[in-house]
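Quick note on the working numbering: the sequence shown kicks off at 1 and runs consecutively. We put the beta carbon where it would ideally sit given N, CA and C, even for glycine. Only a predicted model underlies this, so the values are computations on that prediction, with no experimental measurement involved.
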Amino acid sequence: MLDNKKVSYSGVQPSGNLTIGNYLGAIKNFSAYSDEYKCFYCVVDSHAITVRQVPAELRRRTYETLALYIACGLDPDKNTLYVQSHVPAHTELAWILNCFTMFGELSRMTQFKDKSERHADNVNAGLFTYPVLMASDILLYQTDVVPVGVDQKQHVELCRNIAARFNQLYPDTFTMPEPIISKDSMKIASLQEPTKKMSKSDENVNAVVYILDDKDTIIRKFKRAVTDSETCVRYAPEKHGINNLMTIYSCYTGKTFEEIEREFDGKGYGDFKLAVGEACADALAPVQQKFNELIADKAYLETLMKKGAEEAAYYARKTLSKVKRKLGFVQ
Ligand code: TRP
C-alpha cells in the first residue's frame, strides 16, 4: 500500500519491438488498474543490458517503449511511468537482495536456462541475477500486485521467496506481492509455429505481429499464418494455428469462439485470416497514430521521464532507507 492505495507494478524491456502478444497479454490491460491501484510502469533498461545492446538502439527503444505505453492507453498523469536506470535505488537494493538469494534458486530459473543457451558466448553474472533486480523493482514500491505474462510467473515467485526470507529476519519490511497472470498472454502463439509463444525476439518476422506494423504487413502476416489441412473454422485442441487466430480475433472483437464459428460458417481459412488481419490492423491504427505523435516530441517524453523518475524515487528511497536501517547500515 502507498497513499492508501494498493500498488500495481510492472516492467517492459526496451529490447526488441513489442508484439500483439505483449499488447493483448499485458499492456492493453494495464490501464484498467489506473483508478483502483497506484500504478508504476517501468522501462527496464538495466535489465536489457544482460544481453548485448547497440547503444543507439537501446536509447531509441527506451523512448519508444515509453511512447508505446502512453499510446496503448496509459495516462501519464494517473500512472508513474519511468526509466529504471533513472532511479538508482533499484540497483542499490538489488545488491542487498543478492545477499538474500540462493545460488540454487537462481539456477532453477527457466528464463536463465533459455537465455544462457541462446547467448552461450555471454552467460554473464547479470543474466544470472536478473531476477534479483526484478525483485528489487517490485519490492521497492511495496507492491501488492504484479501484472505479467505467464513467462514471468517464476520470477515473481522467486521475488516472494526473497521477500519472505527478508521479512522473517527483519519483520515488516516488504509487502508480499501477488502475480496477476493475464489469461490471454499464454495464448498468443507464433503465427509460424503455433505451438510456441509469440516472441518479440523470434528470428522469423512472419511469426510475429508488431504493434507498429503497418496494415499491409499485418494482413500479409496473417495470410501466411500456418494452419492445418482442414478448411472449416472451428476450435479443436489439436488445431493450434486456427485456435491462435480465433484467440486473437476474439481479443480484438470481443466475440466468443462459438460466435466466430458461426460468423465463418461456410467460409474458408482465407476469408477468416483476412478478417483477423483487418480486425488487428483496425484496432492498432489509433495506437500507432498516437505513438507517431509522441515519438516526434522527444522533449515532451523527457519531461515525462523526469517527472516519473522523481515520483518513483520518492517512494523507492523510503523503502531503501528502511532496509538499510534494518540491516544495521549507519545512515
Ligand atoms: N522481466 C520482465 C520481462 O522480461 C520485465 C520486468 C522487469 C518486470 N522488472 C519487472 C515485470 C518488474 C514485472 C515487474 O518481461
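In this structure, DSSP gives Glu193 a state outside helix and strand, which the three-state scheme calls coil. Cα atoms of Phe329 and Leu320: separation of roughly 11 Å, rounded to the nearest angstrom.
Bounds of the alpha helix (DSSP H) holding Leu97 are 89-98. The Cβ-Cβ distance between Asp45 and Val12 does not fall below 8 Å.
Considering only Glu311, Ile96, Lys255, Lys215, the residue with the shortest C-alpha distance to Ala285 is Lys215. Three or more beta-carbon pairs separated by less than 8 Å link the region 138-150 to the region 171-183, which places the two stretches in contact.
Checking the 7 Å criterion, the Cβ of Asp144 is out of range of every heavy atom belonging to ligand 1. Straight-line spacing of the CA atoms in Leu81 and Tyr315 works out to 14 Å. Within its own chain, the residues whose Cβ lies closer than 8 Å to the Cβ of Lys153, once the five positions on either side in sequence are excluded, are Pro179, Ile181, listed in chain order. Relative to the Cα of Asn167, the nearest Cα in the group Ala189, Lys187, Gln142 belongs to Gln142. Secondary structure note for Ser8: it is in no alpha helix (DSSP H), and the uninterrupted beta strand (DSSP E) holding it is 6-12. Rounded to the nearest whole angstrom, the CA to CA distance from Asn206 to Gln192 is 7 Å. Taking a cut-off of 8 Å for Cβ pairs, the region 48-63 and the region 243-253 do not touch, as fewer than three such pairs fall below it. For the 8 Å CB-CB criterion, Phe291 and Leu212 form a contact. In the three-state scheme derived from DSSP, where H, G and I count as helix and E and B as strand, Leu2 is classed as strand. With a cut-off of 8 Å on Cβ pairs, the region 63-81 is in contact with the region 31-48, counting three or more such pairs. For the options Leu66, His47, Leu68, Val208, the alpha carbon positioned closest to that of Thr91 is the one of His47. Listed in chain order, the non-local C-beta contacts of Thr62 below 8 Å within the same chain comprise Pro14, Val43, Asp45, Val83, local neighbours out to five positions each way being set aside. Bounds of the alpha helix (DSSP H) holding Ile219 are 215-223. Going by C-alpha positions, Arg224 is about 52 Å away from Thr173. In the three-state DSSP reduction, Phe329 falls in the coil class, being neither helix nor strand. Leaving aside the five residues that flank Glu311 on each side, the residues in its chain whose CB is nearer than 6 Å to its CB run, in chain order, Thr80. Per DSSP, the continuous beta strand (DSSP E) segment holding Glu178 begins and ends at 178-181. In the three-state reduction of the DSSP assignment, Lys38 falls in the strand class, which pools E and B. By the criterion of a C-beta distance shorter than 7 Å, Lys187 is surrounded in its chain by Thr247, once the five residues flanking it on both sides are discounted.
Residue range 269-295 is occupied by the alpha helix (DSSP H) that includes Val276, with no beta strand (DSSP E) assigned at that position.
For the region 94-147, the full-length alpha helix (DSSP H) segments reaching 4 residues or more read 103-107, 110-118, 125-140 along the chain.
At least one heavy atom of ligand 1 lies closer than 7 Å to the C-beta of Val12.
Taking C-beta separations shorter than 6 Å and ignoring five residues to either side along the sequence, the partners of Ile295 in its chain run Ala67, following chain order.
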